[in-house]
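Novice: Going letter by letter, the sequence shown gives residues 163 to 676 in our numbering. Positions of the beta carbon are idealized from the N, C-alpha and C atoms, including for glycine. Before we start, here is the structure in question, set down as structure tokens.
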Amino acid sequence: MGAAPSAQWRGDNPTRWAGGLAAGLVLALTLGTLGAVAWRAGFALGLGPADLSAIWFTTWQAALSAALSVALAVPVARALARRRFPGRGALVTLLGAPFILPVIVAVIGLIGVFGRGGILNDALALVGLGPVSVYGWHGVVLAHVFFNLPLAVRLILQGWLSIPAERFRLAASLGAPVGRLLEWPMLRAVAPGAFAVIFLICLTSFAVALTLGGGPRATTVELAIYQAVRFEFDLGRAAVLAMVQFGLCAAAALMVRAAGAPDALGAGLDRVVERFEPGGRRRDAMVVALAALFLMAPLAMIVARGAPGLLDLPAGLWGAALRSIAVALGATALTLVMALALALRGGALARLAMLLPLAASSLVMGTGLFVLLYPVVAPRDAALVVTGLVNATMALPFAARVLVPALAQAEAAYGRLATSLGLVGWARLRWLILPRLRRPLGFAAGLTAALSMGDLGVIALFAGDGEATLPLLMVRLMSAYRMEQAAGVALVLLALSLALFWIFDRGGRVDAAS
Numbered sequence: 163m164g165a166a167p168s169a170q171w172r173g174d175n176p177t178r179w180a181g182g183l184a185a186g187l188v189l190a191l192t193l194g195t196l197g198a199v200a201w202r203a204g205f206a207l208g209l210g211p212a213d214l215s216a217i218w219f220t221t222w223q224a225a226l227s228a229a230l231s232v233a234l235a236v237p238v239a240r241a242l243a244r245r246r247f248p249g250r251g252a253l254v255t256l257l258g259a260p261f262i263l264p265v266i267v268a269v270i271g272l273i274g275v276f277g278r279g280g281i282l283n284d285a286l287a288l289v290g291l292g293p294v295s296v297y298g299w300h301g302v303v304l305a306h307v308f309f310n311l312p313l314a315v316r317l318i319l320q321g322w323l324s325i326p327a328e329r330f331r332l333a334a335s336l337g338a339p340v341g342r343l344l345e346w347p348m349l350r351a352v353a354p355g356a357f358a359v360i361f362l363i364c365l366t367s368f369a370v371a372l373t374l375g376g377g378p379r380a381t382t383v384e385l386a387i388y389q390a391v392r393f394e395f396d397l398g399r400a401a402v403l404a405m406v407q408f409g410l411c412a413a414a415a416l417m418v419r420a421a422g423a424p425d426a427l428g429a430g431l432d433r434v435v436e437r438f439e440p441g442g443r444r445r446d447a448m449v450v451a452l453a454a455l456f457l458m459a460p461l462a463m464i465v466a467r468g469a470p471g472l473l474d475l476p477a478g479l480w481g482a483a484l485r486s487i488a489v490a491l492g493a494t495a496l497t498l499v500m501a502l503a504l505a506l507r508g509g510a511l512a513r514l515a516m517l518l519p520l521a522a523s524s525l526v527m528g529t530g531l532f533v534l535l536y537p538v539v540a541p542r543d544a545a546l547v548v549t550g551l552v553n554a555t556m557a558l559p560f561a562a563r564v565l566v567p568a569l570a571q572a573e574a575a576y577g578r579l580a581t582s583l584g585l586v587g588w589a590r591l592r593w594l595i596l597p598r599l600r601r602p603l604g605f606a607a608g609l610t611a612a613l614s615m616g617d618l619g620v621i622a623l624f625a626g627d628g629e630a631t632l633p634l635l636m637v638r639l640m641s642a643y644r645m646e647q648a649a650g651v652a653l654v655l656l657a658l659s660l661a662l663f664w665i666f667d668r669g670g671r672v673d674a675a676s
């Protein structure tokens, strides 16, 4: 997942041992917990028709969601690359909002737009058309596109902006077809990687399938694992399904690794990309406006529907909020320590530890930990601690993806100077690395905290009323059809998640080295 560290880190025993301990912890929390579940269940092989249906649905909905996200992202990214307009920078920044948005909160917003009483059905009723339903496989795909369209746009937009400005100048002077000679080769290099990343994300869907799917025809493997553990306590079936999901995610991770293609466009002079295409302004404006409406309408509905719910917040809200914040802060601290230790250590073991959580099931991780802890402590008593451990592990790949390139850049720029000054080991970490990593550390911390705040996974398995976090409280309110209160809790959760992200990200940028 990045360049190996310098020899100064390889030869320093404390930092190397820290990376080894982090890798061992990740291996124990992923492969070890899977082995614990299989051992406890006797690991009886075999899949029933419902399991095969869940595997098939998981695969094709992930493929469809990824294909739609990439296909819709291409015109949006092209329009953003071709045009400069007031608010463009803010719009590109807002494209990152759905990724840190708590999934269960986004579902509330999507229901407000596309649900039975949503604004879409109200508009259809005005013109005499029947209502549409957001529940079922199409709701799952819709939610996945909502979450992943911004990611696809950002990935493809970077590809467009990487085309040297000189190529556009040359194509314009020669009257050459820009699309065939410049844009299509770039898309062939970038789009497969974007598809593979989104496919991998959609394979492990849980909260979306729990709230918008869940029927026999709209059950993902992760949801089937939850049902096997929560309602049937069939650990053997859960273990087999986890192995299947692990295989699917491993295959998708290999797709991500193999999908990248070398840049065949060459280098430029780092000038701002200029486009010489006067036509199509109206079409580009419409594409950007529709994408912004699709992404911002659910966010607006969260605020609109959540504001009245603030007047009737349920009992236990602030206790759940404090538990969510505590879990998020603990997960953030552990993730940063593990990610930094693994980045410093480098090597094949560290890369494996950074990638393993992408293929693991958070529900199986939690179940495995409870199997191991059950002789010592009751599941409810350890629910929050286990949730924090699992959240930290699941956020590790994203944090590592932020830190590893920044560490490599710092070593490339200042490594030789630090070595000549005798800075090695902890001194090198204190005076060279940490000051240069303040920005990425702050961003990684904010990302981890926001993801942990909105997580609905392990906590849904074993938490009682006294251990509920905000996402679990929301699901319970929605199950009881107390939608106005659920919307109020959603608004509180959204505000807390964005606040934590802003505090960490802003803290990393204040007086940070450039």
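How is Ser-523 classed by DSSP in three states: helix, strand or coil?
Specialist: If DSSP states are grouped into helix, strand and coil, Ser-523 belongs with coil.
Novice: Just verifying my parser: in three-state terms, what is the DSSP assignment at Glu-394?
Specialist: coil
Novice: Take Leu-253 and list the residues in its own chain whose beta-carbon comes closer than 8 Å to its own, dropping the five residues that flank it on each side.
Specialist: Leu-242, Val-450 and Ala-454
Novice: Taking all protein chains shown into account, do 16 or more other C-beta atoms lie within 10 angstroms of the C-beta of Ala-180, making it buried, or fewer, making it exposed?
Specialist: buried
Novice: How many whole angstroms separate the CB atoms of Met-704 and Ala-184, which I take to be in contact at a CB cut-off of 8 Å?
Specialist: One cannot answer for residue 704 here, as it falls past the ends of the chain, which runs 163 to 676.
Novice: CA-CA distance, Arg-244 and Arg-443?
Specialist: 9 Å
Novice: Can you list, in chain order, the residues of its chain whose CB lies under 6 Å from that of Leu-511, leaving out five sequence neighbours each side?
Specialist: Ala-185
Novice: Quick one: what's got a C-beta closer than 6 Å to Arg-467's C-beta in the same chain, skipping five residues either side?
Specialist: Gly-274 and Ala-649
Novice: Could you check how far apart the C-beta atoms of Val-620 and Thr-549 are, in whole angstroms? I think they sit under 8 Å.
Specialist: 5 Å
Novice: I need the boundaries of the alpha helix (DSSP H) containing Leu-558, first residue and last residue.
Specialist: 545–582
Novice: Where does Arg-513 sit, in a helix, a strand or coil, going by DSSP?
Specialist: Helix, per DSSP.
Novice: Would you mind working out which of Leu-609, Ala-606 and Leu-569 sits nearest Ile-595, comparing C-alpha positions?
Specialist: Leu-569
Novice: Would a C-beta distance cut-off of 9 Å place Gly-492 and Gly-628 closer than the cut-off?
Specialist: no
Novice: Please state the DSSP three-state secondary structure of Tyr-643.
Specialist: Reduced to three states, the DSSP call for Tyr-643 is coil.
Novice: Does the Cβ-Cβ distance between Ala-580 and Trp-593 come in under 9 Å?
Specialist: yes
Novice: In its own chain, which residues sit with a C-beta less than 7 Å from the C-beta of Leu-319, not counting the 5 before and 5 after it?
Specialist: Hits under 7 Å: Ala-239, Leu-242 and Ala-243.
Novice: I'd like to know if the region 517–524 and the region 627–642 are in contact, where contact means that at least 3 CB-CB pairs between them fall below 8 Å.
Specialist: The region 517–524 makes no contact with the region 627–642, as fewer than three CB pairs between them are under 8 Å.
Novice: Out of Val-370, Gly-375, Thr-366 and Leu-263, which one is the CA nearest neighbour of Leu-609?
Specialist: The residue with the shortest Cα to Cα distance from Leu-609 is Leu-263.
Novice: Pick helix, strand or coil for Leu-498, following the three-state DSSP scheme.
Specialist: helix
Novice: Just how far apart, CA to CA, sit Leu-452 and Ser-659?
Specialist: 26 Å
Novice: Write down every uninterrupted run of the alpha helix (DSSP H) in the region 184–271 whose length is 4 residues or greater and which is fully enclosed by it, in chain order.
Specialist: 195–203, 211–244, 250–256 and 259–262
Novice: Quick one: grab the DSSP three-state call for Val-296.
Specialist: coil
Novice: Can you find at least 3 beta carbon pairs, one from the region 353–369 and one from the region 225–235, that sit closer than 8 Å?
Specialist: yes
Novice: Provide the residue span of the alpha helix (DSSP H) that contains Val-539, from first to last.
Specialist: Under the DSSP assignment, Val-539 falls outside any alpha helix (DSSP H); it carries neither an H nor an E label.
Novice: Measuring alpha carbon to alpha carbon, tell me which residue in Phe-624, Leu-403, Ala-415 and Leu-416 is nearest Phe-532.
Specialist: Phe-624
Novice: Taking Ile-217 as the reference, which of Val-236, Gly-251, Leu-385 and Ala-305 has the closest Cα?
Specialist: Leu-385
Novice: Under 9 Å, do Pro-559 and Met-615 count as touching if we go by C-beta distance?
Specialist: no
Novice: Of the choices Val-236, Leu-632 and Ala-495, whose alpha-carbon is the least far from that of Glu-345?
Specialist: Val-236
Novice: Checking 9 Å against the spacing of the C-beta atoms, do Gly-277 and Val-296 come in under that value?
Specialist: yes
Novice: For Gly-251, count neighbouring C-beta atoms within 10 Å of its own C-beta (all shown protein chains included) and say buried if the count is 16 or more, exposed if not.
Specialist: By the 10 Å Cβ count, Gly-251 comes out exposed.
Novice: Do Pro-602 and Ile-266 come within 9 Å of each other at the CB atom, strictly closer than that value?
Specialist: no
Novice: Could you pull out every residue in the same chain whose Cβ sits closer than 7 Å to the Cβ of Leu-362, ignoring the five residues on either side in sequence?
Specialist: Cys-411, Ala-414, Ala-415, Val-418 and Leu-520
Novice: Please return the same chain residues whose Cβ sits closer than 6 Å to the Cβ of Ala-630, not counting the five positions on each side in sequence.
Specialist: Ala-482
Novice: Using the Cα positions of Ala-285 and Ala-268, report the straight-line distance between them to the nearest angstrom.
Specialist: Within the model, the alpha-carbon separation for Ala-285 versus Ala-268 is close to 21 Å.
Novice: Roughly how many angstroms lie between the CA atoms of Val-566 and Gly-290, to the nearest whole one?
Specialist: 55 Å
Novice: What are the boundary residues of the alpha helix (DSSP H) that includes Gly-608?
Specialist: 600–615
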